[in-house]
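Residue numbers are given in the working numbering: position 18 of the sequence shown equals residue 20, and the series is strictly consecutive. Ideal Cβ positions, reconstructed from N, Cα and C, are used throughout, including at glycine. Note that this is a predicted model, so its numbers are computed, not measured. Below: the structure, in structure tokens.
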Amino acid sequence: IRSFVPQSVLMAKKRAAEEDDDEDLDETTMTQSVRSASRRSASRRGSTAVRSTSFEDQRTAGTRRSGNNPAVVAVTAVSIKAKVVTILVANTCGFLHAVGGPNTQNQDGILVKVSALVDFAHAAVSRHSGVIASYHGDHFVATFNAVKTCGGHSVAAARTAIELRDGSHSQGFRGAFRVGIATGKCHVGNLGSNEVKAFSTVGPAYQQASVLERLTRVYADDADINRANESSIVLATRRTCADIATMFRFRFLD
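Put into structure tokens, the structure is as follows:
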């Protein structure tokens, strides 16, 4: 893009610049005459400045101790904005009985196996730029493009689901992952009150992913009839399938 300026405008700018240079020379002369007086007064103000600085440091330290840090307030403040996100809800089938059931006395064994399961799920989600929003035992909810930006969040969630589905038996959990995925516009942010507050995702995608995870019990036999483990299944909404159409194979169930 080129810009053409009339000659009269250029000359006017040149004259204004020359006048500014003359004013700068006058100000420089006046500044030199004032410097000596400023140095004399600066020595008298030295002790006062030291005391004032010490007082400011004490006041700043007191502010930090009182918890009025603007950065902390900004992080914990209630906020919300609309974003297109992908929600993944995963649950294991048969994991409770695999660790011994509710009546087992081997509590240390349960702790070890649950910790290993959480590490496995967290690694799979984090590897694809997702965040585990919540988990309860062997039930996980992960968000993509909600807490942090995730390009291609539908694809990232689908890849995570495949890793969860295919990797559970190789890790020796003896429980199959059943996963529901949904993509849509949601409201995300710090929500709640002064007593209870959490980063939340509010929108239809969350409910759809939860429902799909429950529906895996209905469609598991038909969807995975050719798989070695018929309990493993991933269900996704049409919106998610449209986003991942060029990278995954899938078929419509309903």
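Contact defined as beta carbons within less than 8 Å: I believe residue i pairs with residue j. What is the distance between those atoms, to the nearest angstrom?
{"i": "residue 162", "j": "residue 141", "result": "Rounded, the Cβ-Cβ distance is 15 Å, inconsistent with contact."}
{"i": "residue 188", "j": "residue 204", "result": "6 Å"}
Would you identify the three-state DSSP class for residue i, choosing helix, strand or coil?
{"i": "residue 95", "result": "strand"}
{"i": "residue 243", "result": "helix"}
{"i": "residue 253", "result": "coil"}
{"i": "residue 135", "result": "strand"}
{"i": "residue 112", "result": "helix"}
{"i": "residue 162", "result": "helix"}
{"i": "residue 87", "result": "strand"}
{"i": "residue 170", "result": "coil"}
{"i": "residue 118", "result": "helix"}
{"i": "residue 130", "result": "coil"}
{"i": "residue 210", "result": "helix"}
{"i": "residue 222", "result": "helix"}
{"i": "residue 81", "result": "coil"}
{"i": "residue 157", "result": "helix"}
{"i": "residue 217", "result": "helix"}
Measuring alpha carbon to alpha carbon, tell me which of the options ends up nearest residue i.
{"i": "residue 239", "options": "121, 186 and 80", "result": "186"}
{"i": "residue 191", "options": "135, 217 and 248", "result": "135"}
{"i": "residue 84", "options": "208, 252, 166 and 148", "result": "148"}
{"i": "residue 112", "options": "125, 123, 97 and 124", "result": "97"}
{"i": "residue 222", "options": "213, 235, 138 and 166", "result": "235"}
{"i": "residue 143", "options": "86, 213 and 110", "result": "213"}
{"i": "residue 86", "options": "208, 248, 107 and 110", "result": "208"}
Might you give, ordered along the chain, the residues of its own chain that have their beta carbon closer than 8 Å to the beta carbon of residue i, omitting 5 neighbours on each side?
{"i": "residue 194", "result": "80, 200 and 202"}
{"i": "residue 242", "result": "88, 156, 159, 160, 183, 184 and 185"}
{"i": "residue 169", "result": "122 and 126"}
{"i": "residue 109", "result": "none"}
{"i": "residue 137", "result": "120, 123 and 143"}
{"i": "residue 217", "result": "182 and 237"}
Spatial neighbours of residue i within its chain, please: CB distance less than 6 Å, with the 5 preceding and 5 following residues excluded, ordered by chain position.
{"i": "residue 146", "result": "88, 132, 152, 155, 158 and 159"}
{"i": "residue 246", "result": "156, 157 and 160"}
{"i": "residue 252", "result": "243"}
{"i": "residue 206", "result": "186"}
{"i": "residue 126", "result": "162, 165 and 166"}
{"i": "residue 248", "result": "none"}
{"i": "residue 118", "result": "none"}
Give me, in chain order, the residues of the same chain whose beta-carbon lies closer than 7 Å to that of residue i; leave out the 5 immediate sequence neighbours on both sides.
{"i": "residue 95", "result": "177, 178, 180 and 233"}
{"i": "residue 211", "result": "89, 90, 91, 182, 183 and 184"}
{"i": "residue 250", "result": "160"}
{"i": "residue 93", "result": "140, 141, 180 and 215"}
{"i": "residue 128", "result": "none"}
Output the boundary residues of the beta strand (DSSP E) element that contains residue i.
{"i": "residue 2", "result": "What the structure shows of the chain is the stretch from 3 to 256, and residue 2 is not part of that stretch, so it cannot be assessed."}
{"i": "residue 186", "result": "178–194"}
{"i": "residue 236", "result": "235–238"}
{"i": "residue 200", "result": "199–204"}
Does the ligand NAP have even one heavy atom less than 7 Å from the beta-carbon of residue i?
{"i": "residue 151", "result": "In terms of ligand content, the structure shown is empty, and the ligand NAP therefore cannot be addressed."}
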